[in-house]
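Undergrad:
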Amino acid sequence: MSHAYNENEKNPVPDVSRTSIGSSSSVGRAYSQTQFKEDEHNDITRCVTSSDGEYVYLGHQKFKRSEIATAFAGTFNPGLHLVGKQRSYANPAPLGLAGVSIPTIALGIMQLGGGGLGNTNVLAGAGMFLAGICLMLSGMWCMFLENTFGGTVFTVFGGIWLSYGYVMAPSSGIVASYASIEDFQHAMAAYVATWTLFAFMCWALTFKSTVMFCTQFMWISFMFLTATIQLYTNSKAWLKVTGVFSLLNGAFGMYNMFAGMADETNSYFVIKPRFMPGAQVPTEIEQ
1165 MSHAYNENEK NPVPDVSRTS IGSSSSVGRA YSQTQFKEDE HNDITRCVTS
1215 SDGEYVYLGH QKFKRSEIAT AFAGTFNPGL HLVGKQRSYA NPAPLGLAGV
1265 SIPTIALGIM QLGGGGLGNT NVLAGAGMFL AGICLMLSGM WCMFLENTFG
1315 GTVFTVFGGI WLSYGYVMAP SSGIVASYAS IEDFQHAMAA YVATWTLFAF
1365 MCWALTFKST VMFCTQFMWI SFMFLTATIQ LYTNSKAWLK VTGVFSLLNG
1415 AFGMYNMFAG MADETNSYFV IKPRFMPGAQ VPTEIEQ
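Numbering (my numbering), first residue to last: 1165 to 1451.
#1: Which residue's Cα is closest to the Cα of T1284: V1331, V1317, Y1432 and S1385?
#2: Decide if F1433 is buried, meaning its Cβ has at least 16 other Cβ atoms within 10 Å, or exposed.
#3: Can you check whether the CB of G1424 is closer than 8 angstroms to the CB of Q1380?
#4: Select from Y1355, V1408 and G1414 the residue whose C-alpha is nearest the C-alpha of S1327.
#5: Is the Cβ-Cβ distance between L1259 and S1302 less than 8 angstroms?
#6: So what's T1316 in DSSP terms, helix, strand or just coil?
#7: With a threshold of 16 other CB atoms inside 10 Å of the CB of T1392, please say whether the residue is buried or exposed.
#8: What residues match up with L1374 in a beta bridge as DSSP calls it?
#9: What are the start and end residues of each continuous beta strand (DSSP E) run of 3 or more residues lying completely inside the stretch 1319-1345, in chain order?
#10: Quick one: give me the first and last residue of the alpha helix (DSSP H) that N1420 is part of.
#11: From which residue to which residue does the alpha helix (DSSP H) around Q1275 run?
#12: Tell me which residues share the same chain as P1334 and place their Cβ nearer than 6 angstroms to its Cβ, disregarding the 5 neighbours each side in the sequence.
#13: Terminal residues of the continuous alpha helix (DSSP H) containing L1287?
#14: How long is the line joining the alpha carbons of W1359 and T1316, rounded to whole angstroms?
#15: Quick check on the burial criterion: 16 or more other C-beta atoms within 10 angstroms. Buried or exposed for K1295?
#16: The alpha helix (DSSP H) that contains S1431, what's its start and end?
#17: With burial defined as no fewer than 16 other Cβ atoms inside 10 Å of the residue's Cβ, what is the status of N1430: buried or exposed?
#18: By the DSSP assignment, the alpha helix (DSSP H) with G1303 in it spans what residues?
Now the structure itself:
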């Protein structure tokens, strides 16, 4: 049974011209069953356009092409998504990216030996008041803008940085409560291992986004993975490996921050996204 789209409505209209002749109730039941099966298989992945190219159909919903945006690291959205007809709010993603990238770069420098090998206590304040607060605020604003991925990732990582800053702050007394530094590191390794799991799951959700978006989450995942290994083994070699991934993570975060703020009105350098294989982009939407 085929569906013909009515451009004046959001929902498709059943094409009964190819339906077997029968009562109106049987036609209704056949269409209901077909519609249920399509809904059951999440037909949102199907993208077609109207004959004039002005409208885009995502599954059973109809939208103007101008309301559809692609994946972009500068907005921290990994797939096709809707945007408002008039943008009334600023893009919160650069705030979160800047807030986390600055202390991450500093962390990487310290892990590589600058400022005392492995001594990162100075970042307790930055983790709480720069990365933590900026990420939490960005996450809440992303939720308001209906960006589920950005809202979830920013908010969770904000909580991670806040907890890290509090744990490392001498006034918390958490580090001193352990019998030895080895006991603390093993406990911390178990905690960081959960961050690693979350990071890899988020990375998997960027495989159809953009190259820079996906690559940043790859660095984040490897940074947490190597940090977990370093805490378990207390190895200086693994600490330096973690430092490399921290620097790469911070650098890519700053790049994506710039991409989210730069446009023709304020910069000579406007970053165009390079899409991953399988990403849905406007030029590939079926005409």
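Glycine is no exception: its CB is placed at the ideal position from the N, C-alpha and C atoms.
TA: According to the structure data:
#1: For this step, residue 1284 is matched to residue 120 along the sequence shown. Taking only the C-alpha atoms, the option nearest T1284 is V1331.
#2: By one-based count along the sequence shown, residue 1433 stands at place 269. Exposed is the call here.
#3: Reading the sequence shown from its first residue, position 216 is the one you call residue 1380. Reading the sequence shown from its first residue, position 260 is the one you call residue 1424. Taking 8 angstroms as the Cβ cut-off, Q1380 and G1424 do not qualify as a contacting pair.
#4: Here residue 1327 refers to the residue found at position 163 when the sequence shown is read from its first residue. Closest option to S1327, Cα to Cα, is Y1355.
#5: On the sequence shown, residue 1259 is found 95 positions in, with the first residue counted as 1. On the sequence shown, residue 1302 is found 138 positions in, with the first residue counted as 1. For L1259 and S1302, yes; Cβs fall inside 8 angstroms.
#6: For this step, residue 1316 is matched to residue 152 along the sequence shown. Note: T1316 maps to helix in three-state DSSP.
#7: Taking the first residue of the sequence shown as position 1, residue 1392 is located at position 228. Classification for T1392: buried.
#8: As a position in the sequence shown, residue 1374 is number 210, starting the count at 1. Reading off the sequence shown, one finds Thr at residue 1374, where the question assumed Leu. For T1374, which the question treats as bridged, DSSP gives the partners F1439.
#9: none
#10: Position 256 of the sequence shown, counted from the first residue, corresponds to residue 1420. First-last of the alpha helix (DSSP H) with N1420: K1400 to M1425.
#11: As a position in the sequence shown, residue 1275 is number 111, starting the count at 1. Unbroken alpha helix (DSSP H) run through Q1275: A1257 to Q1275.
#12: Taking the sequence shown and counting its residues from 1, the one referred to as residue 1334 is at position 170. Around P1334: no qualifying Cβ.
#13: As a working note, residue 1287 is residue 123 in the sequence shown. Start and end: L1287 to A1290.
#14: Here residue 1359 refers to the residue found at position 195 when the sequence shown is read from its first residue. Here residue 1316 refers to the residue found at position 152 when the sequence shown is read from its first residue. Spanning the two alpha carbons is a distance of roughly 13 angstroms.
#15: Numbered from 1 along the sequence shown, position 131 holds the residue referred to as residue 1295. Note on residue identity: the sequence assigns Ala, not Lys, to residue 1295. Answer is buried; the Cβ neighbour count reaches 16.
#16: As a working note, residue 1431 is residue 267 in the sequence shown. Taken as a continuous stretch (DSSP letters only), S1431 belongs to no alpha helix (DSSP H), as it is neither H nor E.
#17: As a first step, residue 1430 is located in the sequence shown; it is residue number 266 there, counting from the start. Under this definition N1430 is an exposed residue.
#18: Position 139 of the sequence shown holds residue 1303. From DSSP, the alpha helix (DSSP H) with G1303 extends over I1297 to F1308.
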